[in-house]
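> Each step along the sequence shown adds one to the number in numbering that gives the first Met the number 0, with nothing skipped, and position 21 is 20.
Ideal placement from N, C-alpha and C gives every residue a C-beta, glycine not left out.
In this text the structure is predicted, and so the values were computed from the model without any measurement.
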Amino acid sequence: MENPDLGFVSRFDDVGTVLARERMVRTQIAERGIKDPNLLSAFLKVPRHIFLPEKYREHSYEDKAVPIGEEQTISQPYIVAFIANQLKVKPGDTILEIGTGSGYLASILDLLGARLLSFEIVPELYERSLGVLETWSPGFTKRNKLLFGDALLLTQTKAKFSKFVSSACFPKIPGPGSFLFESLTEEGIAVLPVEWKEEVQLLLTLKKEQNRFEETNRLPVKFVPLLGRVDLV
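1) Drop a sphere of 10 angstroms on the beta-carbon of Pro224, count the other beta-carbons inside from all chains shown, and report buried for 16 or more, exposed for fewer.
2) As an exercise, report each continuous alpha helix (DSSP H) stretch of at least 4 residues that is fully enclosed by the region 28 to 63, in chain order.
3) Are the beta-carbon atoms belonging to Thr99 and Glu119 less than 7 Å from one another?
4) Between the region 37 to 45 and the region 99 to 115, do three or more beta carbon pairs fall short of 8 Å?
5) Which residue comes first and which comes last in the beta strand (DSSP E) that contains Gln71?
6) Output needed for Glu133: all residues of its chain with C-beta closer than 8 Å, excluding positions within five of it in sequence on either side, in chain order.
7) Let's test the definition: count the other Cβ atoms within 10 Å of the Cβ of Phe180 and tell me whether it reaches 16, buried, or not, exposed.
8) Cβ of Leu94 within 7 Å of Cβ of Leu111?
9) Give me the residue from Ala113, Arg127 and Asp62 with the minimum Cα distance to Leu146.
10) Is the Cβ-Cβ distance between Ile172 and Val190 less than 7 Å?
11) Note the first and the last residue of the continuous beta strand (DSSP E) segment covering Pro219.
12) Looking at Pro66: is its Cβ nearer than 7 Å to the Cβ of Ser9?
13) Determine which residues share a DSSP beta bridge with Val193 and list them.
14) Kindly indicate which residue of Asn143, Pro36, Val88 and Leu218 has the alpha-carbon position closest to the one of Gln200.
15) Apart from the five residues just before and just after Tyr60, which ones in its own chain have a Cβ nearer than 8 Å to its Cβ?
16) Do Leu203 and Val220 count as a contact pair if the criterion is CB distance below 7 Å?
17) Since Leu151 and Arg228 are thought to touch, with beta carbons under 8 Å apart, how far apart are those beta carbons, to the nearest angstrom?
18) Which value, in whole angstroms, describes the spacing of the CA atoms of Arg56 and Gly176?
19) Helix, strand or coil for Phe11, going by three-state DSSP, please let me know.
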């Protein structure tokens, strides 16, 4: 990434945040192998710092996860970019997101042209992300649907999604018959952290083919645990 287009400067920026974000995208994302120009452009445009509570904003562009309150975190920039890259988002994709969290990933997916149904089970995070996303991109909540509650309880929905992503660690891979598996279209992609063994978590990329999940990628990670009715996974 050389000579970036400074057209990504927003009303939320100053010189320091612009330079910090350009450096983040160049050194933490592009130099680690993520080259999709649309994805890099989205990360340049979104002011990551506004998705963090004021007291943590000085750490916004550092190469680490940062607390956002309520015992939750915003993942390090590379992990968010890795997830978005694995989802292979195309304009018009319908994405089910479990764990809106800060709203940062949702803002990236929206810029890539996806339409989201995003659930947040922590009330304080739901209210904050709703406000930040609408402030950052007026009309966000008309293009996308953000709901408060436990997505795992919506077992009666007939909606189908082309992609699924979770920002919380699942106790196991959802299988045939589970709400999440059945909500994904054939050849749909799921990206989610899963408990493995000996306290190890893996971020798995799964593709639904012939009524089963085929694993296409894995990455060791550390995510907060899934909340709610995990027995329904």
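Walking through what the data contain:
1) exposed
2) The region 28 to 63 contains these whole alpha helix (DSSP H) runs: 36 to 44.
3) yes
4) yes
5) Gln71 to Ile73
6) Counting only Cβ-Cβ distances below 8 Å, and skipping sequence neighbours, we find Phe139 and Thr140.
7) By the neighbour-count rule (16 or more Cβ atoms within 10 Å), Phe180 is buried.
8) One detail in the question is off: residue 94 reads as Ile in this sequence, not Leu. It is not a contact, given that the beta carbons lie outside the stated cut-off.
9) Per the Cα distances, Arg127.
10) no
11) Arg211 to Val220
12) no
13) The partner list for Val193 (beta bridge, DSSP) reads Phe169 and Leu201.
14) Nearest option by C-alpha distance: Leu218.
15) Thr16, Ala19, Arg20, Arg22, Met23, Arg47, His48 and Pro76
16) no
17) 5 Å
18) Between Arg56 and Gly176, the C-alpha separation is close to 42 Å.
19) Coil at Phe11, not helix or strand.
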